[in-house]
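Data first, discussion second: the structure below is written as structure tokens.
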Amino acid sequence: MQRWRSSLVLIAGAALILTACGGNSTLPPVATLDQSQPTTESGIVATDAVPTSTPASGATGQVMSPNTLVLAQLEQFVAQLPDTKILTLSADRIPPSGSPDGRYGVVYTAQNGLVDLTLTDYSTTPAATKAIPSGNALTSPSITWREDSTGFAFADLPAPDKVAQAKKIVYYYDLASGQTQELLTEAQSPSSFPVPVAFSPNNAYLMYLVTGGAETGSVSYQAVLFDMNTKQKTPLSLGQAAFSQWLADSSGFLTSASDPQTGASALVVYRLNALSTPQTITPVAVTDVWSDISPDGKFIVVVSAASGSAQSVYNIFMMGLDGSNRRQLTQFSDPQQSITALVWGNDGIYYSVFSGEGLDTVWRMDLDGKNAKQVAQGTLLRIIGTR
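Each residue of the sequence shown is one higher than the one before, starting from 0 at the first, in numbering that gives the first Met the number 0.
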């Protein structure tokens, strides 16, 4: 799962607690690498192929080409280009503020206690900036980009003492025209506000949250599917499930359902033509956490372990979208290490491992789990040019 998507999860009856670079609130303990991967007694070591030079500034005129790795490194964000050159990144280039193609960033600027949104185009030197119509004097804005980077939706969550006068609108900003339009309004109750979550790959749908009760301390959430063509809203009954990712063909979406009693997590597929009959694809007595769908949309990789034990060792598995042909790709062994990100790239499967030394390492392996090699340092947030 691309790390930034964790900021977009929608959880019925639970707080939206993840930030743009924060990831899961708890990370599963996971595993050391097998004997073919270089390790020391204290953890994974860098190889000569891993760039360690001082990053160059990426403030202006720096486009991140496809297959660029976007990483969090201690107190900074960086991009590792395909030629291994390292650029430092400002926060607006990090998802969800940064566009999927790596060209644009949405800057949050504080003005008199409120926030104004500005679009920055990093394909020019110097970088070009543009004010976002209707994107001014906001309290706590949230945005989500279209996968094709042609525009983004945004909305505002007001402070508890500003609920009465706040607008309940999701806006859409179109890059081609430079114009903002009202996409939808929400009026379930005086304290209900919409939060955009994710566009479908074909841009036909927007998943969004309706959140309410913040002013009373009793926060509630309702997932809603918005049809961009008909403007129809379909409330969703996801139970304890959290939105994870749209299917590649936009025919449905993947969720992660948590058991409040055991803490186990299972992947559930919802099809738009059968929303009332979702399919759980995680086996019994197993917990699946990080996940990502293959570029062709036919398979899924997951970080998984047996449920019910704090000492469970997590490994990476692959299976079909219906849960069929599930097979283990890695042979990890140490429950004290953690897999902190999982992304299915264009040339293999990438994952980040925390070894307890303060900095994650990024590894790439073939689709059969072989030829694992460290390729970067940091926590992987996104790969440019992948979903």
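All C-beta atoms in this analysis are idealised placements derived from N, C-alpha and C, irrespective of residue type, glycine included.
Taking DSSP as the reference, what is the three-state secondary structure of ALA371?
-> Here residue 371 is taken as the residue at index 372 of the sequence shown, counted from 1. Reduced to three states, the DSSP call for ALA371 is coil.
**Residue closest to VAL352, alpha-carbon to alpha-carbon, out of GLY344, THR339 and ASP346** = On the sequence shown, position 353 is the one that residue 352 refers to. Of GLY344, THR339 and ASP346, the residue nearest in Cα terms is THR339.
_Cβ neighbour criterion (16 or more within 10 Å) applied to PRO189_ = Counting from 1 along the sequence shown, the entry for residue 189 is found at position 190. With fewer than 16 other Cβ atoms within 10 Å, it is exposed.
**Simplified DSSP state of ARG270, which is helix, strand or coil** = Your numbering for residue 270 matches position 271 in the sequence shown. Three-state DSSP puts ARG270 in a strand.
* To do: Assign THR254 to buried or exposed, taking buried as 16 or more other Cβ atoms, counted over all protein chains shown, within 10 Å of its Cβ.
  => Taking the sequence shown and counting its residues from 1, the one referred to as residue 254 is at position 255. With 16 or more Cβ atoms within 10 Å of its Cβ, THR254 is classed as buried.
On the criterion of 16 or more Cβ atoms from any shown chain inside 10 Å, does GLN244 qualify as buried, or is it exposed? On the sequence shown, position 245 is the one that residue 244 refers to. Label assigned to GLN244: buried.
(Q) Is the beta carbon of GLY104 closer than 7 Å to that of MET63? (A) Translated into the one-based positions of the sequence shown, residue 63 becomes position 64. Translated into the one-based positions of the sequence shown, residue 104 becomes position 105. No.
- Task: Following the continuous beta strand (DSSP E) through PRO193, name the residue where it begins and the one where it ends.
- Result: The residue labelled residue 193 in the question sits at position 194 within the sequence shown. Here the beta strand (DSSP E) through PRO193 covers 192-198.
State the DSSP-derived secondary structure class of ASP82, mapped to helix, strand or coil.
Numbered from 1 along the sequence shown, position 83 holds the residue referred to as residue 82. Coil, per DSSP.
Is the number of C-beta pairs between the stretch 284-291 and the stretch 300-308 that are closer than 8 Å three or more?
-> yes
Note to self: Considering only DSSP beta bridges, list what ILE348 is partnered with.
What the structure shows: In the sequence shown, the residue the question calls residue 348 occupies position 349. Per DSSP, TRP343 and MET364.
Flag this pair as yes or no: are the beta carbons of GLN61 and LEU86 separated by less than 7 Å? Looking up residue 61 in the sequence shown gives position 62. Looking up residue 86 in the sequence shown gives position 87. For GLN61 and LEU86, yes; Cβs fall inside 7 Å.
For the beta strand (DSSP E) that contains ARG381, what are its first and last residues? On the sequence shown, position 382 is the one that residue 381 refers to. Note, ARG381: beta strand (DSSP E), 378-382.
So, under 8 Å CB-CB, ASN66 and ILE348 are touching, yes? Tell me the CB distance rounded to an integer number of Å.
Counting from one through the sequence shown, the residue named residue 66 turns up at place 67. Counting from one through the sequence shown, the residue named residue 348 turns up at place 349. In fact, because the Cβ distance is near 14 Å, the residues do not count as touching under 8 Å.
query: Got a sec? Which residues, its chain only, sit under 6 Å from PRO132 by beta carbon, not counting five neighbours each side?
result: Here residue 132 is taken as the residue at index 133 of the sequence shown, counted from 1. For PRO132, where only same-chain residues beyond five positions count, the Cβ hits under 6 Å are THR179.
With C-beta atoms as the reference, is LEU182 less than 7 Å away from GLY377? Position 183 of the sequence shown, counted from the first residue, corresponds to residue 182. Position 378 of the sequence shown, counted from the first residue, corresponds to residue 377. Taking 7 Å as the Cβ cut-off, LEU182 and GLY377 do not qualify as a contacting pair.
- Around the Cβ of VAL194, are there at least 16 other Cβ atoms within 10 angstroms (buried) or fewer (exposed)? Along the sequence shown, one-based indexing puts residue 194 at 195. Under this definition VAL194 is a buried residue.
Check: Taking PRO157 as the reference, which of ILE168, TYR204 and SER199 has the closest Cα?
Finding: Locating residue 157 in the sequence shown gives position 158, counting from the first residue. Of ILE168, TYR204 and SER199, the residue nearest in Cα terms is ILE168.
On the three-state DSSP scale, how would you describe LYS232? Locating residue 232 in the sequence shown gives position 233, counting from the first residue. Strand.
- Message: With DSSP as the reference, identify every bridge partner of TYR207, one or two as the case may be.
- Response: By 1-based counting over the sequence shown, the position of residue 207 is 208. Answer is PRO195 and VAL223, bridged to TYR207.
- Query: How big is the Cα-Cα spacing for LEU235 and THR210?
  - Reply: Start at 1 with the first residue of the sequence shown, and residue 235 comes out as number 236. Start at 1 with the first residue of the sequence shown, and residue 210 comes out as number 211. If I take the Cα positions, the gap works out to 14 Å.
Using CA coordinates, which residue listed in PRO259, PHE198, GLN231 and LEU237 is at the minimum distance from SER250? Position 251 of the sequence shown holds residue 250. With distances taken between Cα atoms, SER250 lies closest to PHE198.
ask   = Where LEU341 and ILE315 are concerned, what is the direct C-alpha to C-alpha distance, given to the nearest angstrom?
value = Position 342 of the sequence shown, counted from the first residue, corresponds to residue 341. Position 316 of the sequence shown, counted from the first residue, corresponds to residue 315. Approximately 9 Å, taken between the alpha carbons.
Query raised in the report: Relative to the C-alpha of GLN336, which residue among GLY355, ALA126 and ASP147 is closest?
Result: The sequence position of residue 336 within the sequence shown is 337, counting from 1. With distances taken between Cα atoms, GLN336 lies closest to GLY355.
With ALA284 and VAL267 assumed to form a contact (beta carbons below 8 Å), what rounded beta-carbon distance in angstroms separates them?
-> Counted from its first residue, the sequence shown places residue 284 at position 285. Counted from its first residue, the sequence shown places residue 267 at position 268. Rounded, the Cβ-Cβ distance is 16 Å, inconsistent with contact.
- Message: With H, G and I counted as helix, E and B as strand and the rest as coil, what does DSSP make of ASP173?
- Response: Indexing the sequence shown from 1 puts residue 173 at position 174. The answer is strand: DSSP assigns ASP173 an E or B state.
**Report entry** Residue environment, ARG326, which counts as buried when at least 16 other CB atoms sit within 10 Å
**Finding:** As a working note, residue 326 is residue 327 in the sequence shown. Its Cβ having fewer than 16 others within 10 Å, ARG326 is exposed.
Exercise. Can you grab the Cα-Cα spacing for the pair LYS369 / PRO140, in whole Å?
Key: Counting from one through the sequence shown, the residue named residue 369 turns up at place 370. Counting from one through the sequence shown, the residue named residue 140 turns up at place 141. The alpha-carbon atoms of LYS369 and PRO140 are separated by roughly 43 Å.
Which partner residues of TYR103 appear in the DSSP bridge assignment? Sequence index remark: in the sequence shown, residue 103 carries index 104 (1-based). ASP120.
Point to revise | Anticipated Cβ contact below 8 Å, LEU205 with PHE225, distance rounded | key: As a position in the sequence shown, residue 205 is number 206, starting the count at 1. As a position in the sequence shown, residue 225 is number 226, starting the count at 1. 4 Å between Cβ atoms; contact.
field: Sequence-distant residues of its chain with Cβ nearer than 8 Å to ASP389 (five each side left out)
entry: Residue coverage of the chain in this structure runs from 0 to 386, which leaves residue 389 outside it and unanswerable.
- What is the rounded straight-line gap between the Cα of SER257 and the Cα of GLY384? Counted from its first residue, the sequence shown places residue 257 at position 258. Counted from its first residue, the sequence shown places residue 384 at position 385. Going by the C-alpha atoms only, they are around 30 Å apart.
Practice prompt. For the beta strand (DSSP E) containing GLY150, list its first residue and its last residue.
Written response: Locating residue 150 in the sequence shown gives position 151, where the first residue counts as 1. Its beta strand (DSSP E) spans residues 150-155.
| said: If you reduce the DSSP assignment to three classes, tell me which class ASP287 lands in. | reply: Looking up residue 287 in the sequence shown gives position 288. Correct three-state label for ASP287: strand.
Cβ-based neighbour list, GLN310, same chain, cut-off 7 Å, excluding 5 preceding and 5 following: Residue mapping note: residue 310 aligns to position 311 of the sequence shown, counting from 1. Excluding sequence neighbours, GLN310 sits near PRO334.
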